[in-house]
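Trainee: Following this message is one structure expressed as structure tokens.
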Amino acid sequence: MNFLDKLEQKFGRYAIRDLPRYIVACYIIGSVIDFVAPNLYYQYLSLNPAMILHGQVWRFVTFLFAPLVDMRSVIGLLFIVFVLMFYYSICNTLEQMWGSFRFNMYMLTGILSTIAASFIVYAITKSPYIYMDTYYLQLALFLAFATMFPDVSVMLYGIIPIKIKWLAYLDVALLAFSFLTAGGGIYGLSTRIEIIISLLNFLVYFFAGRNGTKYRPSEIKRKKKFVKHVKQSTSGARHQCAVCHRTELDDPTLEFRFCSKCDGNYEYCQDHLFTHTHIKNPYEE
């Protein structure tokens with residue numbers, strides 16, 4: 114059992130379910146703000162250590178409202194819905210692959226690392242013009258998705274079919290180009306640190322979680338097919354948690370697994386799989 118497994122066993126029940134919805138909601142708010150008041154985000158909401166130390170502590174949270182695209186451009190206005198739907202699809206799939214807890218941890222450590230990096234840069238430079246956001250964290254998140262599903266095709270601009278792996282190569286090239294051409298000074302230092310943090314976060318969670326991945330792509334497909342079949346069936350529930358007695362009819366998003374440490378065929382939902390008391394046969398030696 115690796116470190117992430119141990120953390121999930123202890124704290125998995127506290128994970129936020131459907132976190133991608135809340136993430137996309139933040140980006141929608143940021144897009145509206147960027148469209149209505151273009152300069153408001155960087156003046157009062159962005160991650161600026163100097164302003165935080167002067168009392169603007171709300172920036173610890175509001176920097177998450179950074180828009181995914183430039184709402185002041187025609188391209189941004191035309192493709193904002195497509196970008197948000199695509200980003201939600203990526204996050205939702207990764208949450209299913211890793212589980213809610215691992216996805217929560219991925220986003221949390223990426224956000225906290227970005228905050229820590231901004232203060233490190235500020236401690237080195239003492240500049241009041243340090244602005245960091247989650248842009249490179251998003252690119253690394255897409256890289257994680259592309260690593261798992263390299264042959265999945267998407268419609269680029271809603272017209273051109275292209276495999277994810279080619280977009281991933283473009284993603285890596287963009288990260289490398291940004292790293293090499295960031296220049297000197299505060300902006301260059303901040304950009305390079307953001308890129309390094311996002312890639313380290315991806316490497317740690319992707320490779321550390323490979324053995325603990327809850328579902329392979331084929332298993333996700335089978336799960337969705339099963340849930341659809343259950344909804345159409347009138348014969349009743351097929352799964353029931355031995356602790357809370359919930360079934361897939363109570364919540365179609367619930368995940369059920371048998372416990373290998375319990376004596377007997379006891380099935381548990383995702384909230385009690387790691388927290389239940391193992392049932393042992395008292396007559397066994």
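Mapping the sequence shown onto my numbering, position 195 (from 1) lands on 308, and the numbers just tick up by one.
Backbone N, C-alpha and C fix where the C-beta goes; we use that ideal spot for every residue, glycine too.
I need the boundaries of the alpha helix (DSSP H) containing proline 162, first residue and last residue.
Mentor: 162-166 is the span of the alpha helix (DSSP H), which, as asked, contains proline 162.
Trainee: Counting only the same chain and skipping the five closest in sequence on each side, list residues whose C-beta sits under 6 Å from that of glutamine 345.
Mentor: Unreliable placement is indicated for glutamine 345, whose pLDDT of 47 sits below 50; the coordinate value is still reported in the next sentence. If we look at glutamine 345 and ignore the five residues flanking it on each side, it has no Cβ neighbours.
Trainee: How is the beta strand (DSSP E) around lysine 276 delimited, first residue to last?
Mentor: Start and end: 273-276.
Trainee: List the whole-angstrom C-beta distance separating threonine 238 from isoleucine 299, where the pair is believed to meet the contact cut-off of C-beta under 8 Å.
Mentor: Rounded, the Cβ-Cβ distance is 5 Å, consistent with contact.
Trainee: Per DSSP, cysteine 382 is paired with what?
Mentor: Phe369, per the DSSP bridge assignment.
Trainee: Taking the alpha carbon of arginine 172 as the reference point, which residue from Ala295, Tyr155, Asp183 has its own alpha carbon closest?
Mentor: If we check each option's Cα against that of arginine 172, Tyr155 comes out closest.
Trainee: Rounded to the nearest angstrom, what separates phenylalanine 387 and tyrosine 201 at their Cα positions?
Mentor: Approximately 28 Å between the Cα atoms of the pair.
Trainee: How many whole angstroms separate the CB atoms of isoleucine 308 and alanine 230, which I take to be in contact at a CB cut-off of 8 Å?
Mentor: Their Cβ separation, rounded to whole angstroms, is 10 Å, which puts isoleucine 308 and alanine 230 out of contact at 8 Å.
Trainee: Measuring alpha carbon to alpha carbon, tell me which residue in Val174, Phe148, Gly223 is nearest leucine 68.
Mentor: A question about residue 68 goes unanswered here, because the residues of the chain that appear run from 114 up to 398.
Trainee: Have a look at Leu362, Leu283, Asp363, Cys357 and flag the residue whose alpha-carbon is nearest the alpha-carbon of glutamate 380.
Mentor: Comparing Cα-Cα distances from glutamate 380 to each of Leu362, Leu283, Asp363, Cys357, the minimum goes to Cys357.
Trainee: Buried or exposed, going by whether 16 or more other CB atoms sit within 10 Å of the CB of arginine 215?
Mentor: With 16 or more other Cβ atoms within 10 Å, it is buried.
Trainee: Within 10 Å of its beta-carbon, does tryptophan 279 have 16 or more other beta-carbons around it, so buried, or fewer, so exposed?
Mentor: Exposed, since its Cβ has fewer than 16 Cβ neighbours within 10 Å.
Trainee: Can you tell me whether threonine 227 is buried or exposed, with buried defined as 16 or more other CB within 10 angstroms of its CB?
Mentor: Looking at its Cβ environment, which holds 16 or more other Cβ atoms inside 10 Å, threonine 227 is buried.
Trainee: Would you tell me roughly how many angstroms separate the C-alpha atoms of serine 159 and isoleucine 146, rounded to the nearest one?
Mentor: So the two alpha carbons sit approximately 12 Å from each other.
Trainee: Counting Cβ pairs, one atom from each stretch, are 3 or more of them under 8 Å apart for the segment 288-307 and the segment 237-253?
Mentor: These segments touch.
Trainee: If you check the beta carbons only, do proline 162 and isoleucine 277 fall under 8 Å apart?
Mentor: Not in contact: proline 162 and isoleucine 277 (Cβ atoms no closer than 8 Å).
Trainee: What is the DSSP secondary structure of glutamine 353, counted as helix, strand or coil?
Mentor: Correct three-state label for glutamine 353: strand.
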